[in-house]
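*Asks:*
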Amino acid sequence: MKEAIKIRDLHKGFGRIKAVDGINFAVEQGEIFGFLGPNGAGKTTTARMITGVLEPDQGDIELAGYNLKDNFVEARLRIGVVPEAANAYQELTALENLKFMAKMYGLSGKDINNKAVELLTRLGLKERINDKVKGYSKGMTQRVILGMALINDPEILFLDEPTRGLDVQSTRIMHEIIQDLNHGGNTIFITTHNIQEANQLCNSIAIINKGKIAAIDSPENLKDTFKELQTVEICLEDMDYPDPENFQYISQAIKEGNKMKYYTDDPDRAVKELIGLIGNKKIVGLNILEPDLEDVFVELTGGELNNGS
Ligand SMILES: Nc1ncnc2c1ncn2[C@@H]1O[C@H](COP(=O)(O)OP(=O)(O)OP(=O)(O)O)[C@@H](O)[C@H]1O
Ligand SMILES: [Mg+2]
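Going by this note's numbering, the letters in the sequence shown line up with residues 46 to 354, in that order.
So, in structure tokens, the structure goes:
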């Protein structure tokens, strides 16, 4: 499979802060690649360097086979970007915003009008294309911005936290659009601090923390690597749970509401041990759970979890 994005030894510092500290990764064509990390991890700095907005201190960037430094225009023409905190022109309509963007790419004519209408229709904005963006909701505005990023038919789409600040429904619409674009052949690079989002959308996830990549893999393999984060979740009627120190197969226990979550790398033995220790107490619920990505993330980043949206 051909690589859509190839990054080698990328560095960027701001004064004493090493925002991006020697990162390497490749994104295959047709992937949805998630760049997951807490606030300040270096996600935006990385995205800005890859999209040619910010000059790296060091490192190589290749987009659709073009080296960004040597073939800036060719590389830039093949990407679409939804930057962090992007905005559309409030006094222009959605259609005018897309046509304005087309002009920036040197595209014009009747085809572009049709193309813009078609894009906005796909984004669910057909009824509102001639309304000024200042009357749009945040979720609608974000879709206009996505439309602007798509006007030049990019092979690769960069989205920097495209769902930050959106409600559940707008987030779902955005996810559906991203998945549709991916099925249509687009490679997607998306940054997020939201683990559920990375888990739902991405084929590959790079976990970035303090400017360095802590792990890159599929969500499934990331969970698999951390087998010791499997859990046995039990709910006892009397809610009086055995101390993990008395167990051989359980490493730690965390109380969650009425339930207790016991971490283990061997759930089969852990359950048998647990049953032995609780004796005749009434069990209200018992579940064996795979490691969740949230636990993997905490393990890799030392607990700096920001799971909000
Ligand atoms: N223009 C700048 N000048 C100085 N420092 C900067 C600049 N841009 C980023 N930084 C610093 O670099 C580090 C990484 O910031 P970056 O914006 O890349 O993080 P992020 O992962 O995108 O975070 P967030 O989730 O908050 O968007 C931070 O410590 C930030 O303060
Ligand atoms: Mg950011």
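The beta-carbon is built from N, C-alpha and C at its ideal position, and this holds for glycine as well. Computed from a predicted structure; not experimentally measured.
Would you kindly work out how many angstroms separate the C-alpha atoms of VAL329 and ARG217, rounded to a whole number?
*Replies:* Roughly 34 Å between the two C-alpha positions.
*Asks:* With three or more beta-carbon pairs closer than 8 Å as the criterion, would you say the stretch 128 to 146 touches the stretch 182 to 201?
*Replies:* yes
*Asks:* Specify whether the stretch 236 to 247 and the stretch 75 to 87 touch according to this definition: at least 3 beta carbon pairs, one from each stretch, less than 8 Å apart.
*Replies:* yes
*Asks:* Determine the closest residue to VAL65 out of GLY85, GLY75 and LYS144, with distance taken between C-alpha atoms.
*Replies:* GLY85
*Asks:* Can you pull the DSSP bridge partners for ALA298?
*Replies:* TYR307
*Asks:* Just confirm the distance between the C-beta atoms of LEU55 and MET94, as a whole number of angstroms; I'd bet it's less than 8 Å.
*Replies:* 6 Å
*Asks:* Confirm the yes/no value for this check: CB of HIS238, any heavy atom of ligand 1, distance under 7 Å.
*Replies:* yes
*Asks:* For PRO312, which option in GLN297, ASN325, ASN303 and GLY324 has the closest C-alpha, if you only look at C-alpha atoms?
*Replies:* GLN297
*Asks:* Measuring from the CB of THR89, is there a heavy atom of ligand 2 at a distance below 7 Å?
*Replies:* yes
*Asks:* Taking only three categories from DSSP, how would you classify ASP198?
*Replies:* coil
*Asks:* Per DSSP, which one or two residues make a beta bridge with ASP156?
*Replies:* In DSSP, ASP156 forms no bridge with anything.
*Asks:* Going by CA-CA distance only, name the one from ASP176, MET193 and ASP105 that's closest to LYS148.
*Replies:* Residue MET193 is the option with its Cα nearest to LYS148.
*Asks:* Give the list of continuous alpha helix (DSSP H) stretches no shorter than 4 residues that lie fully inside the stretch 67 to 124.
*Replies:* 88 to 95 and 117 to 122
*Asks:* Please tell me whether, using a cut-off of 7 Å, the distance from the CB of PHE59 to the nearest non-hydrogen atom of ligand 1 is below it.
*Replies:* Taking 7 Å as the cut-off, one finds at least one heavy atom of ligand 1 near enough to the beta carbon of PHE59.
*Asks:* Pull up the distance between the alpha-carbon of ASP115 and that of GLY125, whole angstroms please.
*Replies:* Taking the straight line from one Cα to the other gives about 19 Å.
*Asks:* Let's see if you can read the secondary structure: which residues bound the alpha helix (DSSP H) around SER215?
*Replies:* 213 to 228
*Asks:* Whole angstroms are fine: how far does the CA of LYS179 sit from the CA of VAL189?
*Replies:* 12 Å
*Asks:* From PRO336 to ASN303, what does the alpha carbon distance come to, in whole angstroms?
*Replies:* 20 Å
*Asks:* How about ASP198: is its Cβ closer than 7 Å to a heavy atom in ligand 2?
*Replies:* no
*Asks:* Which residue or residues does DSSP assign as beta-bridge partners of CYS280?
*Replies:* GLY330
*Asks:* From this set, ASP105, MET284, GLU301 and TYR307, which residue's C-alpha is nearest ILE295's C-alpha?
*Replies:* By alpha-carbon distance to ILE295, the top candidate from ASP105, MET284, GLU301 and TYR307 is TYR307.
*Asks:* Select from ASN132, LYS255, LEU204 and GLN214 the residue whose C-alpha is nearest the C-alpha of THR232.
*Replies:* LEU204
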